[in-house]
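Peer 1: Taking the working numbering, the leading residue of the sequence shown gets 160, the next gets one more, and so forth.
Idealized CB from N, CA, C, for every residue including glycine.
Please read through the structure below; I'll follow up with questions.
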Amino acid sequence: MSSSVTHAAGNKSLDTAWVRQQFPSLQTQVNGQPAAFLDGPAGTQVPKQVIDAIHNYLLHDNANTCGAFATSRRNDAMICGARQAMADFFNCAPDEVSFGQNMTTITFALARAIGREMNPGDEIVVTTLDHDANVAPWRALEEKGVHVRQVDIREADCTLDMDDLKRKLTKKTKIVAVGYASNAVGTINPVAEIAELAHSVGALIFVDAVHYAPHGAIDVQALDCDFLACSPYKFFGPHMGTLYGKHDLLMRFSPYKVRPAPEALPDRWETGTQVQELIAGIAAAVEYLAALGKRHDPAAQDRRSALLAAYRVTHQQEMALLAKLMHGLQQIDGLRVFGITDPAKFDQRCSTVSVRLDGHTPTETATFLGERGIFTWDGNFYALNLTERLGVQSTGGLLRIGLVHYNTADEVERLLTGLCELRDR
Numbered sequence: 160m161s162s163s164v165t166h167a168a169g170n171k172s173l174d175t176a177w178v179r180q181q182f183p184s185l186q187t188q189v190n191g192q193p194a195a196f197l198d199g200p201a202g203t204q205v206p207k208q209v210i211d212a213i214h215n216y217l218l219h220d221n222a223n224t225c226g227a228f229a230t231s232r233r234n235d236a237m238i239c240g241a242r243q244a245m246a247d248f249f250n251c252a253p254d255e256v257s258f259g260q261n262m263t264t265i266t267f268a269l270a271r272a273i274g275r276e277m278n279p280g281d282e283i284v285v286t287t288l289d290h291d292a293n294v295a296p297w298r299a300l301e302e303k304g305v306h307v308r309q310v311d312i313r314e315a316d317c318t319l320d321m322d323d324l325k326r327k328l329t330k331k332t333k334i335v336a337v338g339y340a341s342n343a344v345g346t347i348n349p350v351a352e353i354a355e356l357a358h359s360v361g362a363l364i365f366v367d368a369v370h371y372a373p374h375g376a377i378d379v380q381a382l383d384c385d386f387l388a389c390s391p392y393k394f395f396g397p398h399m400g401t402l403y404g405k406h407d408l409l410m411r412f413s414p415y416k417v418r419p420a421p422e423a424l425p426d427r428w429e430t431g432t433q434v435q436e437l438i439a440g441i442a443a444a445v446e447y448l449a450a451l452g453k454r455h456d457p458a459a460q461d462r463r464s465a466l467l468a469a470y471r472v473t474h475q476q477e478m479a480l481l482a483k484l485m486h487g488l489q490q491i492d493g494l495r496v497f498g499i500t501d502p503a504k505f506d507q508r509c510s511t512v513s514v515r516l517d518g519h520t521p522t523e524t525a526t527f528l529g530e531r532g533i534f535t536w537d538g539n540f541y542a543l544n545l546t547e548r549l550g551v552q553s554t555g556g557l558l559r560i561g562l563v564h565y566n567t568a569d570e571v572e573r574l575l576t577g578l579c580e581l582r583d584r
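See below:
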């Protein structure tokens with residue numbers, strides 16, 4: 160079976176062979192079989208240029224910022240370039256981009272700063288679909304007397320209950336915290352609509368875009384979100400976090416930081432010395448996506464256009480793989496798929512699928528597959544509200560299959576074969 164995926168006429172297919180050549184770790188073998196990295200939601204593999212960027216930084220530019228010497232100046236220039244790269248990624252101004260340890264730490268810091276202006280009786284809205292990194296930081300403000308209200312899901316397809324969201328919004332709502340896409344079941348939320356609803360009651364919106372970032376282009380202007388965070392290690396970069404915030408809001412709220420730290424943007428929200436070698440890797444991850452876009456659409460000249468082109472072709476690849484995966488899963492007796500299964504509604508989900516196989520815990524299933532070189536994840540994936548709501552938390556959670564654009568139809572077939580082998584044991 161070919162590793163490429165054929166798309167409709169008139170659309171250029173993803174050059175899967177070229178893509179896979181960019182990722183050295185895809186050559187990994189387990190028990191004599193090639194590794195199938197279907198664990199993307201926990202962190203994707205990285206292309207060689209990301210590895211090279213981190214290596215080269217440590218070799219040539221390793222210094223702290225704002226020094227009066229060559230390596231420090233090169234370091235400053237690198238950070239400036241990385242910030243511009245992420246600005247193109249988000250479609251915002253460079254001084255609206257901040258780097259941080261990870262999305263969880265960034266969100267805790269932002270929530271504490273916003274909490275300075277909140278009063279007892281103020282309300283925050285979170286959702287059942289979210290990773291706890293977009294729940295716990297806001298619930299921590301309950302110690303100030305803030306009320307946190309949680310939006311339910313429609314259990315049949317694990318989509319957000321928009322009617323419940325509307326009921327939970329009041330004139331007391333100050334923050335709506337929502338995920339762009341569920342890291343557990345792949346649901347894509349209507350973020351632009353949610354932002355409009357939040358703003359209609361005078362609330363701000365914070366978007367966790369960590370899980371969406373590998374699967375679709377982000378446009379903070381079109382979404383009209385106030386804050387948005389993501390983690391580059393989910394879109395082919397190193398383990399760090401990035402924050403977008405509207406300029407006036409980043410200046411309005413006061414972060415907790417040391418006294419000598421700058422008050423001006425963009426440094427205002429970057430507390431302490433950053434992991435600068437990883438910032439170099441972030442820039443390289445964005446450049447990888449841009450190079451992919453230009454390869455498939457030579458008309459895309461500027462970086463933003465190239466990124467959009469990249470996501471167009473990777474989305475096609477992922478949706479074709481998802482269709483094959485979903486069809487195969489639905490043929491396996493005793494297997495339940497959680498989330499949207501109707502191909503007509505695949506525009507409301509990304510290529511992350513969670514399942515359970517009768518008679519086997521998710522850990523048993525993941526272990527069986529892992530011994531055959533098929534890497535999946537098991538547990539709650541920190542989406543604790545969701546696994547509790549679905550009634551699977553006490554029995555091991557879910558088995559998660561995460562497809563990204565470097566995955567292949569052959570890998571999907573191996574996964575399906577492995578699940579059938581386990582079922583028939």
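Based on the DSSP secondary-structure assignment, which residues constitute the bridge partners of Gly400?
Peer 2: On the sequence shown, position 241 is the one that residue 400 refers to. For Gly400, which the question treats as bridged, DSSP gives the partners Gly259.
Peer 1: Compare the C-alpha of Leu410 against each of Pro421, Met478, Gly400, Cys509 and name the closest.
Peer 2: Counted from its first residue, the sequence shown places residue 410 at position 251. The residue you asked about is not Leu; residue 410 is Met in the sequence shown. Out of Pro421, Met478, Gly400, Cys509, Pro421 has the C-alpha closest to the C-alpha of Met410.
Peer 1: Buried or exposed: where does Asp322 fall if 16 or more other Cβ atoms within 10 Å of its Cβ makes it buried?
Peer 2: Reading the sequence shown from its first residue, position 163 is the one you call residue 322. Counting Cβ neighbours within 10 Å, Asp322 comes out exposed, since fewer than 16 surround it.
Peer 1: Where does Ala226 land, buried or exposed, given buried means 16+ other C-beta within 10 angstroms?
Peer 2: Residue numbering aside, residue 226 sits at position 67 when the sequence shown is read from its first letter. Just to set this straight, residue 226 is Gly in the shown sequence, not Ala. Answer is exposed; the Cβ neighbour count stays below 16.
Peer 1: If you reduce the DSSP assignment to three classes, tell me which class Leu516 lands in.
Peer 2: Residue numbering aside, residue 516 sits at position 357 when the sequence shown is read from its first letter. It is a strand residue.
Peer 1: Run through DSSP, which three-state label would Cys225 get?
Peer 2: In the sequence shown, the residue the question calls residue 225 occupies position 66. Coil at Cys225, not helix or strand.
Peer 1: Assign Lys325 to buried or exposed, taking buried as 16 or more other Cβ atoms, counted over all protein chains shown, within 10 Å of its Cβ.
Peer 2: Against the sequence shown, residue 325 aligns to sequence position 166. Counting Cβ neighbours within 10 Å, Lys325 comes out exposed, since fewer than 16 surround it.
Peer 1: Excluding the 5 residues flanking Leu185 on each side, which residues of the same chain have their C-beta closer than 6 angstroms to its C-beta?
Peer 2: Here residue 185 corresponds to residue number 26 of the sequence shown, with the count starting at 1. Correct list, in chain order: Arg179.
Peer 1: Below 8 angstroms on the Cβ atoms is my contact criterion, and I expect Asp385 with Ile364 to pass it. Report the Cβ-Cβ distance as a whole number of Å.
Peer 2: Here the question's residue 385 lines up with position 226 in the sequence shown. Here the question's residue 364 lines up with position 205 in the sequence shown. Asp385 to Ile364, Cβ: 5 angstroms. Contact.
Peer 1: Could you check what DSSP says for Ala246 in three-state terms: helix, strand or coil?
Peer 2: Reading the sequence shown from its first residue, position 87 is the one you call residue 246. It is helical.
Peer 1: Tell me whether Phe386 sits in a helix, a strand or coil according to DSSP, three-state version.
Peer 2: Residue numbering aside, residue 386 sits at position 227 when the sequence shown is read from its first letter. It is a strand residue.
Peer 1: Measure the C-alpha to C-alpha separation of His398 and Thr329 and round it to an integer number of angstroms.
Peer 2: Indexing the sequence shown from 1 puts residue 398 at position 239. Indexing the sequence shown from 1 puts residue 329 at position 170. Looking at the two C-alpha atoms, the distance is approximately 37 angstroms.
Peer 1: Identify which residue in Tyr541, Asn539, Gly532, Glu547 has its Cα closest to the Cα of Thr576.
Peer 2: The residue given as residue 576 occupies position 417 in the sequence shown. Out of Tyr541, Asn539, Gly532, Glu547, Gly532 has the C-alpha closest to the C-alpha of Thr576.
Peer 1: Looking only at its own chain, which residues have a Cβ that is under 8 angstroms from the Cβ of Leu356, when we skip the five neighbours before and after it?
Peer 2: The residue given as residue 356 occupies position 197 in the sequence shown. Excluding sequence neighbours, Leu356 sits near Leu324, Lys325, Leu328, Val335.
Peer 1: Considering only the beta carbon of each residue, do Pro200 and Gly529 sit closer than 7 angstroms?
Peer 2: The residue given as residue 200 occupies position 41 in the sequence shown. The residue given as residue 529 occupies position 370 in the sequence shown. Not in contact: Pro200 and Gly529 (Cβ atoms no closer than 7 angstroms).
Peer 1: Would you report the Cα separation of Gly550 and Tyr541, rounded to the nearest angstrom?
Peer 2: Taking the first residue of the sequence shown as position 1, residue 550 is located at position 391. Taking the first residue of the sequence shown as position 1, residue 541 is located at position 382. Those two C-alpha atoms are separated by around 15 angstroms.
Peer 1: Considering Cα atoms alone, identify which of Arg313, Asp311, Gly274, Arg308 is closest to Glu302.
Peer 2: Sequence index remark: in the sequence shown, residue 302 carries index 143 (1-based). Comparing Cα positions, the closest option is Gly274.
Peer 1: Exposed or buried, Val417, counting other C-beta atoms within 10 Å across all chains shown (16 or more means buried)?
Peer 2: Numbered from 1 along the sequence shown, position 258 holds the residue referred to as residue 417. Val417 comes out exposed.
Peer 1: Compare the C-alpha of Ala272 against each of Val284, Pro296, Gly259, Pro253 and name the closest.
Peer 2: What you label residue 272 is simply residue 113 of the sequence shown in a count that begins at 1. Ranking Val284, Pro296, Gly259, Pro253 by Cα distance to Ala272 puts Pro296 first.
Peer 1: Cα-Cα, which of Thr520, Asn544, Ser553 is closest to Arg582?
Peer 2: Here residue 582 corresponds to residue number 423 of the sequence shown, with the count starting at 1. Looking at the Cα atoms, Thr520 is the closest of the given residues.
Peer 1: Would you call the CB atoms of Leu451 and Ala439 closer than 7 angstroms?
Peer 2: Locating residue 451 in the sequence shown gives position 292, counting from the first residue. Locating residue 439 in the sequence shown gives position 280, counting from the first residue. Contact flag unset, no.
Peer 1: Return the residue from the list Val337, Trp428, Val434 that minimises the CA-CA distance to Asn223.
Peer 2: Taking the sequence shown and counting its residues from 1, one reaches residue 223 at position 64. Looking at the Cα atoms, Val434 is the closest of the given residues.
Peer 1: Tell me which same chain residues have a C-beta within less than 8 angstroms of the C-beta of Met478, skipping the five on either side of it?
Peer 2: Here residue 478 refers to the residue found at position 319 of the sequence shown. Correct list, in chain order: Phe505, Ser510.
Peer 1: Does the distance from the CB of Ile377 to the CB of Gln507 come in under 7 angstroms?
Peer 2: Taking the first residue of the sequence shown as position 1, residue 377 is located at position 218. Taking the first residue of the sequence shown as position 1, residue 507 is located at position 348. No; because the gap between Cβ atoms is not below 7 angstroms, this pair is not in contact.
Peer 1: Mapping DSSP to helix, strand and coil, what is Ser162?
Peer 2: Against the sequence shown, residue 162 aligns to sequence position 3. With a pLDDT of 39 at Ser162, under the threshold of 50, the modelled position of that residue is not reliable, and no figure is offered here.
Peer 1: On the DSSP bridge list, what partners appear for Leu324?
Peer 2: Translated into positions along the sequence shown, residue 324 becomes position 165. Note: Leu324 sits in no beta bridge, so no partner.
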